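Protein chains: 2
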Amino acid sequence: MRVSKYLLSTQKETPANAEVISHQLMLRAGLIRLNASGLYSWLPTGLKVLRKVEAIVRDEMEKAGAQEVLMPMVQPADLWQESGRWVEYGPELLRFQDRHNRDFVLGPTHEEVITDIVRKEVSSYKQLPMNLYQIQTKFRDEVRPRFGVMRGREFLMKDAYSFHLDQETMDDTYQSMHNAYSNILSRIGLEFRPVLADSGSIGGAMSHEFHVLAQSGEDLIAYSVDGEYAANIERAEAPMPTEERAAATQEMTLVDTLNAKTIAELVEQFDLDIKKTVKTLIVKGAEEDTPFVALLVRGDHDLNEIKAEKVPQVASPLEFATEEEIRSVIGAGPGSLGPVNLELPIIIDHSVAVMSDFGAGANIDDKHYFGINWERDLPLAQVADIRDVVEGEQAPDGGKYAFARGIEVGHIFQLGTKYSEAMNATVLNEQGKSQVLLMGCYGVGVSRIVAAAIEQNHDDRGIIWPDAIAPFKIGILPMNMHKSHRVKELAEKLYQDLTDLGIEVIFDDRKERPGVMFADMELVGVPHTIVIGDRNIDNGVLEYKNRKTGEKQDIPMDEVMSFLTEL
Amino acid sequence: MRVSKYLLSTQKETPANAEVISHQLMLRAGLIRLNASGLYSWLPTGLKVLRKVEAIVRDEMEKAGAQEVLMPMVQPADLWQESGRWVEYGPELLRFQDRHNRDFVLGPTHEEVITDIVRKEVSSYKQLPMNLYQIQTKFRDEVRPRFGVMRGREFLMKDAYSFHLDQETMDDTYQSMHNAYSNILSRIGLEFRPVLADSGSIGGAMSHEFHVLAQSGEDLIAYSVDGEYAANIERAEAPMPTEERAAATQEMTLVDTLNAKTIAELVEQFDLDIKKTVKTLIVKGAEEDTPFVALLVRGDHDLNEIKAEKVPQVASPLEFATEEEIRSVIGAGPGSLGPVNLELPIIIDHSVAVMSDFGAGANIDDKHYFGINWERDLPLAQVADIRDVVEGEQAPDGGKYAFARGIEVGHIFQLGTKYSEAMNATVLNEQGKSQVLLMGCYGVGVSRIVAAAIEQNHDDRGIIWPDAIAPFKIGILPMNMHKSHRVKELAEKLYQDLTDLGIEVIFDDRKERPGVMFADMELVGVPHTIVIGDRNIDNGVLEYKNRKTGEKQDIPMDEVMSFLTEL
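So the sequence lines, in the order shown, correspond to chains A and B.
Going by the working numbering, the residue at position 38 of the first sequence is 39; the numbering climbs one at a time, nothing skipped.
Going by the working numbering, the residue at position 423 of the second sequence is 424; the numbering climbs one at a time, nothing skipped.
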């Protein structure tokens, strides 16, 4: 590609409103352009990368035996009414009417459409298991689109859906998708980690996320340093306390704590061990007759909202009571809450259940109880895992938890019969009886992978593409080509020879200063560049530069082709 | 591909509501499935074909020097307001609001978005000409979607947009797109014709359509039998009359024509030469002070509505006056209209201007004038080409007109400055002055090509794919494989060997009757099939069948691989 004939569209300035580095670099390197909030056009350089990711994803899906289909972006509402998601799905589901006032949605995902196809086309167990996928444009009406294509509204996704008669083939396909996703990210050249995940509103039992590791990642991953276990913090299992609850040694006393509204203030002012304090949080209850529920975690722990909303008494999605509600129900403010004399259902974390002689709010403004002991001062409450794990704690596999930040680029689920039951997707089994299908679904954020690759691979000069998805493999930078005939001749010949071999080359044939040309090449992240200048030619060499290592190397002119083709 | 592991989804019955053969066969062969009116999912077999068409289109666009981009399907309304099409475009433009009540459209085409990109990214004449394309999903809210993917609502399209400073490079790019489109259709293996076209509501001067020839085509093409000229009937030029107007020989007389409401009845009852009669049609006028205009064509000619609406006095789009309006303005019904004593602007076709002694309605119910002569009985009216051409007439290149039916699969336009002016897309020219860009646009209906290929290539047993876009090149049909070990062994080996060579094979490994397997293979349109049966093996041969010619051939077993790979 000759830069003079190419929409390179690089820019020096860091764009306003681009918070994360991948968004900044995708704009600066001319990969994408904003059309409206959360809506982007892919310029030629960006699209080349996107298509490479897409090709690797497709190849691994085919190898895993999945069959490609293509479903429409516009979907009839009646299928969503059938599955129940027409009501369940929030305003991220864009609903509209066509010219005949019929209801439609812009597909954020395709469980309904694929289930509709399968229930019509597949009638016998002989056709199963079946795994169908597409690489297709999705739309989610994010309330606050941000981070460029990382959380855009329209995006490219690979979504696959598998159908099964039994759990065994379900597990097999799930594992084959797990492998395919690992292969995809390995081939692209990214550091990643599959982690146990919460299956969220999409439903189902088993679920893994695939995270590209990057400091800027929105997700926190808790993994076992020496073991295999890894999970999104949202669902990382906290270890059960190994110690027994110690016997009470203190009397329970009511203490004035006028200026201690937070755990930190309480601990400081009264010289308490933070592990001898509890935080009490009031949330909405799941049932009408228990409108509020109290959740207790140890003072040094954080409530895990995802775990908490799975407790049957708690409303899902989790909703905290307002200060007003707390006052009207308990008669004290949020800074003075505790389990003693609390007339609400109480759920306590496992670590709280083994506490003794601990302090907590007294449900009277500006007062706490110290020296509280379970089963003496109040009955032991219902126990559950409702806190975030902490680094250094023991993971379920026996290793120690460490944390990493990740960008979720893939998610696989076992959905069970959630959709197939609602939509009556059945086939005849070997005994000739109608049986509801088991279903799995598997998503890869194709456009998001491009951004995640940049978050993981960049420096202060620009993008550092892994070779597998680089928009161009080799850059040719001729110095003063418009003045030096021999530089021009050599550059043109090298460009032609490499192009003839099917290698993707970007050839900067502009009348630009070398500094501009170097900066563009580094910003765009071309892995390998060759500099051609009169001085090099005098010495019989050309200068090679590796974008990743920064290493420079003089290559004898007659070895340049073999050197480059071997890369 | 093993059929046992493949979503073949063929069906014997011709589906109801599928009017055209391509729609019927795409459903029966398992290429597509209906999700909602005008919305289809592509099943694996259909998608394979679609992707092949897409790949050929992409390859020819790249060869022509166009750069691929990808714009969003959801577009902000403000760009459409800027171009004026927010108002101009009819209800085919699907408009909706997002969760923040902002207006958007589902893109039926991308002139606005691309012009917005180019005006921001391209600032210098040095970057021009530039041709940007995408292969992307479009949505048009057709009032009556029909013919399957031929006139669906969501469809795959290749759209390209070029930008220029001068007419010379505009013409060059236009010609290169003309060539690219011819290459695309030739490579796919379709009989087609580029024809001069009306540029319709999209605006601009020069325009060609590319039609796949098929009897079922919606469009009528008028082409010159011995020459090069070809045009959509909508804009095929009518020859100018070669004869002079003859002198008047009759008096103008008012005749009672009570039972002659049509030209046919008039001609029959009064023994007139139809070429001595005129049809008078009343349409809406373009200006408020001339609400109606009369259009006159010879009795044996048809009004050409596209040509008529280009006459400045006539409203565009063309709208016929209702019978009520005609009565209130003229005082007579539609069966008795004519130019004599008509107080409306009158536009006559060239062929009408040379008529003498002709008959027409008298603008009095049940009465006609016979023997009318221009410039004696009424002044000669304004003359224009407003009729369809007729087969056998002279085309502009001197040849004779013949007609063919076609399916429009491509359309190229020179748009001039319609969008760039409205949206202020300018660059600095060589003199450093701001100049408005010239623009071209070029569309290929990728999904429609699949349907058009079937309309042109089928028989009563199914589809006959051209090799270039066949979903599978070779079909392997083993007879009674589940009983005969040697049939199975041979079939499996052939399948493996061909697959290893990268040849796309469909291998019918089902426990099905031979009749079902043959029927499926012919319905799906696999170009080449190999039948493996015990009887063949006894004779040391396998049976080859060509889908297109129907030719069968016994191939010695040791030559099968070389025979098939040479195809």
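Just so you know, even glycine gets a beta-carbon here, dropped at the ideal spot from N, CA and C.
Bear in mind that the values here come from a model prediction, so they are computed numbers and not experimental data.
Problem set entry | Cβ-based burial, ALA492 (chain B) [other Cβ within 10 Å; buried from 16] | Numbered from 1 along the second sequence, position 491 holds the residue referred to as residue 492 (chain B). When all chains shown are included, ALA492 (chain B) counts as buried.
Exercise. Any beta-carbon of chain B closer than 7 Å to the one on ILE556 (chain A)?
Worked result: The residue given as residue 556 (chain A) occupies position 555 in the first sequence. Answer no: the Cβ-Cβ gap between ILE556 (chain A) and chain B never drops below 7 Å.
Problem set entry | Residue of A:ARG145, A:THR427 and A:GLU245 minimising C-alpha distance to LYS127 (chain A) | Residue mapping note: residue 127 (chain A) aligns to position 126 of the first sequence, counting from 1. Ranking the options by Cα distance to LYS127 (chain A), first place goes to A:THR427.
Exercise. Is there at least one Cβ from chain B nearer than 7 Å to PRO92 (chain A)'s Cβ?
Worked result: For the purposes of this step, residue 92 (chain A) is identified with residue 91 of the first sequence, where counting begins at 1. Yes, its Cβ sits closer than 7 Å to a Cβ of chain B.
Exercise. Counting only beta-carbon atoms, is LEU197 (chain B) nearer than 7 Å to chain A?
Worked result: On the second sequence, position 196 is the one that residue 197 (chain B) refers to. By this cut-off, LEU197 (chain B) is not an interface position.
Problem set entry | Own chain, CB closer than 8 Å to LEU260 (chain A), minus 5 neighbours either side, in chain order | The residue labelled residue 260 (chain A) in the question sits at position 259 within the first sequence. The sequence given here has Asn at residue 260 (chain A), not Leu. GLU266 and GLN270, listed in sequence order.
For this session: With ASP160 (chain A) as the anchor, note down where its beta strand (DSSP E) starts and where it stops.
Result: Residue numbering aside, residue 160 (chain A) sits at position 159 when the first sequence is read from its first letter. Unbroken beta strand (DSSP E) run through ASP160 (chain A): 155-165.
For this session: Measure the alpha-carbon distance for GLU93 (chain A) versus PHE148 (chain B) and round it to whole angstroms.
Result: Looking up residue 93 (chain A) in the first sequence gives position 92. Looking up residue 148 (chain B) in the second sequence gives position 147. C-alpha separation (whole angstroms): 33 Å.
Problem set entry | Straight-line Cα distance separating ALA239 (chain B) from PRO397 (chain B) | Stepping through the second sequence from its first residue, residue 397 (chain B) is reached at position 396. Stepping through the second sequence from its first residue, residue 239 (chain B) is reached at position 238. Approximately 8 Å, taken between the alpha carbons.
Problem set entry | Neighbour flag for LEU8 (chain B) against chain A, beta carbons, 7 Å | In the second sequence, the residue the question calls residue 8 (chain B) occupies position 7. Yes, because at least one Cβ of chain A sits closer than 7 Å to the Cβ of LEU8 (chain B).
Problem set entry | Rounded distance between the beta-carbons of LEU191 (chain B) and ALA354 (chain B), thought under 8 Å | Numbered from its first residue, the second sequence carries residue 354 (chain B) at position 353. Numbered from its first residue, the second sequence carries residue 191 (chain B) at position 190. Contact flag wrong, Cβ pair sits at about 42 Å.
Exercise. Taking C-alpha atoms, which residue in A:ALA249, A:LYS553, A:ARG29 and A:PHE404 lies nearest to LEU221 (chain A)?
Worked result: Locating residue 221 (chain A) in the first sequence gives position 220, where the first residue counts as 1. Taking only the C-alpha atoms, the option nearest LEU221 (chain A) is A:PHE404.
Exercise. Along the chain, which unbroken stretches of the beta strand (DSSP E) at least 3 residues long are found entirely within the region 87-165 of chain A?
Worked result: With a minimum length of 3 residues, the unbroken runs of beta strand (DSSP E) contained wholly in the region 87-165 of chain A fall at 95-98, 104-107, 131-140 and 155-165.
Exercise. Name the residues in the region 111-134 of chain A whose C-beta lies less than 8 Å from a C-beta of chain B; which are they?
Worked result: VAL114, ASP117, ILE118, LYS121, GLU122, VAL123, LYS127, GLN128, MET131 and LEU133
For this session: Kindly indicate which residue of B:LYS311, B:ALA287, B:ASP274 and B:GLN432 has the alpha-carbon position closest to the one of ASP358 (chain B).
Result: Counting from 1 along the second sequence, the entry for residue 358 (chain B) is found at position 357. Nearest to ASP358 (chain B) by C-alpha distance, out of B:LYS311, B:ALA287, B:ASP274 and B:GLN432, is B:ASP274.
Exercise. For SER1 (chain B), which option in B:VAL451, B:ASN425 and B:THR281 has the closest C-alpha, if you only look at C-alpha atoms?
Worked result: Residue 1 (chain B) lies beyond the range of chain B shown here (2 to 568); nothing can be said about it.
Exercise. Under 8 Å Cβ-Cβ, which residues of chain B neighbour SER42 (chain A)?
Worked result: Start at 1 with the first residue of the first sequence, and residue 42 (chain A) comes out as number 41. In chain order: VAL70, LEU71, MET72, PRO73, VAL114 and ILE118.
For this session: Identify the contact partners of GLN144 (chain A) in chain B, using a Cβ-Cβ distance below 7 Å as the criterion.
Result: As a first step, residue 144 (chain A) must be located in the first sequence, where it is residue number 143. Just to set this straight, residue 144 (chain A) is Val in the shown sequence, not Gln. Result: ARG100.
Exercise. Terminal residues of the continuous alpha helix (DSSP H) containing TRP574 (chain A)?
Worked result: Nothing can be reported for residue 574 (chain A): it is not among the residues displayed for chain A, which extend from 2 to 568.
Exercise. Do the region 471-481 of chain B and the region 525-533 of chain B touch if we need at least three Cβ pairs shorter than 8 Å?
Worked result: Because the criterion of three Cβ pairs below 8 Å is met, the region 471-481 of chain B and the region 525-533 of chain B touch.
Problem set entry | Three-state secondary structure assigned by DSSP to THR278 (chain A) | Counting from 1 along the first sequence, the entry for residue 278 (chain A) is found at position 277. Three-state result, THR278 (chain A): strand.
For this session: Compare the C-beta of PRO45 (chain B) against all C-beta atoms of chain A and say whether one is closer than 7 Å.
Result: Translated into positions along the second sequence, residue 45 (chain B) becomes position 44. Taking Cβ atoms only, chain A reaches closer than 7 Å to PRO45 (chain B), which makes this a yes.
Exercise. Where DSSP assigns a beta bridge to LYS311 (chain A), which residues make up the other side?
Worked result: Position 310 of the first sequence, counted from the first residue, corresponds to residue 311 (chain A). Beta-bridge partners of LYS311 (chain A) (DSSP): none assigned.
For this session: Could you pull out every residue in the same chain whose Cβ sits closer than 7 Å to the Cβ of GLY463 (chain B), ignoring the five residues on either side in sequence?
Result: Stepping through the second sequence from its first residue, residue 463 (chain B) is reached at position 462. Correct list, in chain order: LEU26, ALA30, GLU523, LEU524, VAL525 and GLY526.
Problem set entry | Euclidean distance between Cα positions of ARG328 (chain B) and VAL341 (chain B) | To locate residue 328 (chain B), count along the second sequence from 1; it is residue 327. To locate residue 341 (chain B), count along the second sequence from 1; it is residue 340. When rounded, the distance between both Cα atoms is 16 Å.
Problem set entry | C-alpha distance - PHE564 (chain A) paired with ARG52 (chain A), whole-angstrom precision | For the purposes of this step, residue 564 (chain A) is taken as the residue at position 563 of the first sequence. For the purposes of this step, residue 52 (chain A) is taken as the residue at position 51 of the first sequence. PHE564 (chain A) and ARG52 (chain A) have their C-alpha atoms roughly 27 Å apart.
For this session: Examine chain A for any beta-carbon lying closer than 7 Å to the beta-carbon of ARG570 (chain B), and answer yes or no.
Result: Because chain B here runs from 2 to 568, residue 570 (chain B) falls outside it and cannot be looked at.
For this session: Would you identify the three-state DSSP class for PRO45 (chain B), choosing helix, strand or coil?
Result: Position 44 of the second sequence, counted from the start, is the residue given in the question as residue 45 (chain B). Three-state result, PRO45 (chain B): helix.
Problem set entry | Segment contact, 8 Å Cβ cut-off, at least three pairs: the region 38-57 of chain B with the region 105-125 of chain B | No contact exists between the region 38-57 of chain B and the region 105-125 of chain B.
Exercise. Expressed to the nearest angstrom, what Euclidean distance is found between the alpha-carbon atoms of GLU325 (chain B) and VAL294 (chain B)?
Worked result: Taking the second sequence and counting its residues from 1, one reaches residue 325 (chain B) at position 324. Taking the second sequence and counting its residues from 1, one reaches residue 294 (chain B) at position 293. Between GLU325 (chain B) and VAL294 (chain B), the C-alpha separation is close to 15 Å.
Exercise. Can you name the residues of chain B whose CB is closer than 7 Å to the CB of LEU345 (chain A)?
Worked result: What you label residue 345 (chain A) is simply residue 344 of the first sequence in a count that begins at 1. Simply none; closest approach about 35 Å.
Exercise. Does the beta-carbon distance from ALA161 (chain A) to ALA78 (chain A) come in below 7 Å?
Worked result: For this step, residue 161 (chain A) is matched to residue 160 along the first sequence. For this step, residue 78 (chain A) is matched to residue 77 along the first sequence. Cβ distance not < 7 Å, so ALA161 (chain A) and ALA78 (chain A) don't count as in contact.
Exercise. How many Å lie between LYS311 (chain A) and TYR443 (chain A) at the Cα?
Worked result: Numbered from its first residue, the first sequence carries residue 311 (chain A) at position 310. Numbered from its first residue, the first sequence carries residue 443 (chain A) at position 442. Going by the C-alpha atoms only, they are around 23 Å apart.
Problem set entry | Assumed close pair ILE413 (chain B), HIS179 (chain B) - CB separation to whole angstroms, cut-off 8 Å | Counted from its first residue, the second sequence places residue 413 (chain B) at position 412. Counted from its first residue, the second sequence places residue 179 (chain B) at position 178. Yes, ILE413 (chain B) and HIS179 (chain B) are in contact; Cβ-Cβ is about 6 Å, under 8 Å.
Exercise. Are any of the Cβ atoms in chain A nearer than 7 Å to that of ARG194 (chain B)?
Worked result: Within the second sequence, numbered from 1, the residue matching residue 194 (chain B) stands at position 193. It does not; no Cβ of chain A falls within 7 Å.
Exercise. Is any beta-carbon of chain A found at less than 7 Å from that of THR138 (chain B)?
Worked result: Translated into the one-based positions of the second sequence, residue 138 (chain B) becomes position 137. With 7 Å as the cut-off, THR138 (chain B) counts as an interface residue toward chain A.
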